[in-house]
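One structure is given here, and the rest of the page talks about it.
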Amino acid sequence: MRVLLAHGSSDSVHAEQVDTLAGKVSTLLGEAVTTAFLSDARLPAGADVLPLFLGAGVHVTRDAPALATVSNCRLLPAFGRQTDAISSLILKNAAKNSIFLLYQPAGFEALQNRLQEHGPVACLHGESSLTTVLQQQHQAGASGITVQPVLLFPGHSLARVRSMISESAIPDVTLAAVLSELDGFAELVAECFRSDK
């Protein structure tokens with residue numbers, strides 16, 4: 002059995018989005034893929050578990066391994082370790098004047114290093130803030146700015162991004178799709194399962 006292990010959210014739509022992704026990945030693999038969340042007490046015994054996290058934080062280093070151990074599962078490398086493939090997917094879909102918005106700097110260094118070669122990087126939590134980078138780009142004369150959220154799913158964080166863009170009062174700023182909405186995302190997740198056989 003294959004399991005996508007996600008963070009979970011108080012946003013009720015989040016679980017539906019993870020389930021939808023699992024369905025797409027299941028179709029691509031031709032085998033069952035189910036979902037689980039860090040709040041679950043146990044995972045299906047003996048499952049291959051893909052931690053669906055972008056950053057290299059405590060959920061990847063402590064929480065997911067502990068849950069896999071207690072459930073007698075095989076833990077695959079976290080999704081975020083696919084830095085080259087993730088950044089390629091983002092860049093393939095990026096608009097001309099994109100600001101790449103990470104959740105935070107800590108744990109996202111590899112993605113930040115790849116993306117900053119192609120445009121400015123901002124963080125939702127920490128420096129450089131989205132507000133600061135938007136202002137810098139506007140003052141530099143950039144127009145038609147697109148904020149590319151480097152977030153897996155829409156939810157509370159994306160709502161905060163929308164609010165920050167609105168409050169910036171900078172004209173002609175658009176918000177691009179989150180990663181799970183990009184063409185090729187489900188295939189990238191499926192490849193994480195395939196490459197670990």
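Be aware that the sequence shown starts at 2, since it is given in my numbering, and climbs by one per residue. Glycine included, every Cβ here is placed at the ideal spot set by N, Cα and C.
Could you say which of the options lies nearest to residue i if we only look at CA atoms?
i    : options              : result
Q149 : I166, I100, P45, D12 : I100
V34  : L90, V50, D41, G120  : V50
A143 : L22, A96, G9, E192   : A96
Express the C-alpha separation of residue j and residue i in angstroms, rounding to a whole number.
i    : j    : result
A48  : A57  : 22 Å
L44  : L68  : 7 Å
N94  : R75  : 33 Å
H139 : R161 : 20 Å
L135 : I171 : 8 Å
L29  : Q137 : 42 Å
G31  : T147 : 36 Å
G185 : P66  : 27 Å
V19  : E182 : 12 Å
L77  : A141 : 43 Å
S72  : L6   : 13 Å
S130 : L189 : 28 Å
I166 : T132 : 8 Å
S27  : D12  : 24 Å
What does residue i pair with, by DSSP beta-bridge criteria?
i    : result
L176 : V148
R3   : V34, D49
R75  : D49
Could you round the C-beta distance between residue i and residue j to whole angstroms and report it? I think they count as a contact, below 8 Å.
i    : j    : result
C124 : L152 : With a Cβ gap of about 12 Å, C124 and L152 do not count as contacting.
H119 : L92  : 6 Å
A37  : V4   : 5 Å
G9   : H15  : 7 Å
N98  : G156 : Not confirmed; about 25 Å, so no contact.
Segments assigned beta strand (DSSP E), at least 3 residues, entirely inside the region 70-132: 98-103, 122-124
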